[in-house]
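Residue numbers (the working numbering): 249 to 382.
Every residue gets a Cβ at the ideal spot worked out from N, C-alpha and C, and that includes glycine.
These numbers come from a predicted model, not from an experiment.
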């Protein structure tokens, strides 16, 4: 799933790399990611993926941070968000992401490889578009 980066947003707690069908986010080291952060990120998602444009969110978990698990309860906040994925760079972050996955009701997978993650995301987006007639 090769795609050209279209836009970058640098916020004080996260960096967002926007592509045609997905966004790759990197939360900064030491952040406690809470609902207020989620709301700000969602505002950027809505601005970039306006209307019903389907997209995926990929978390590049290369830094050490904490996510309030209640953030995952808001799986219905953007109907065009097809899936979530997390790419981990250590066993500890992989285990943490697997724990977080239990709180999300939608499509959510955890990977140790960005390549495999993008392949999975590509299939999810393609299936969504085919089923929606897009």
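Query, Result
"I need the boundaries of the alpha helix (DSSP H) containing residue 356, first residue and last residue.", "Run containing residue 356: none in the alpha helix (DSSP H); it sits in the beta strand (DSSP E), 355-359."
"Taking 7 Å as the CB-CB cut-off, is residue 258 touching chain D?", "Given the protein chain composition of this structure (a single chain), no chain D is represented."
"Quick one: give me the first and last residue of the beta strand (DSSP E) that residue 264 is part of.", "262-266"
"Spatial neighbours of residue 257 within its chain, please: C-beta separation below 8 Å, excluding the five flanking residues on both sides.", "263, 264, 266, 292"
"With residue 362 and residue 330 assumed to form a contact (beta carbons below 8 Å), what rounded beta-carbon distance in angstroms separates them?", "Rounded, the Cβ-Cβ distance is 18 Å, inconsistent with contact."
"According to DSSP, simplified to helix, strand and coil, what is residue 308?", "strand"
"Which of helix, strand or coil does DSSP assign to residue 292?", "helix"
"If I'm right that residue 305 touches residue 270 with Cβ under 8 Å, what's the distance once you round it to whole angstroms?", "7 Å"
"Based on Cα-Cα distance, which residue from 308, 347, 319, 295 lies nearest to residue 283?", "319"
"Does the distance from the CB of residue 356 to the CB of residue 349 come in under 7 Å?", "yes"
"Give the range of the beta strand (DSSP E) segment to which residue 331 is assigned.", "329-336"
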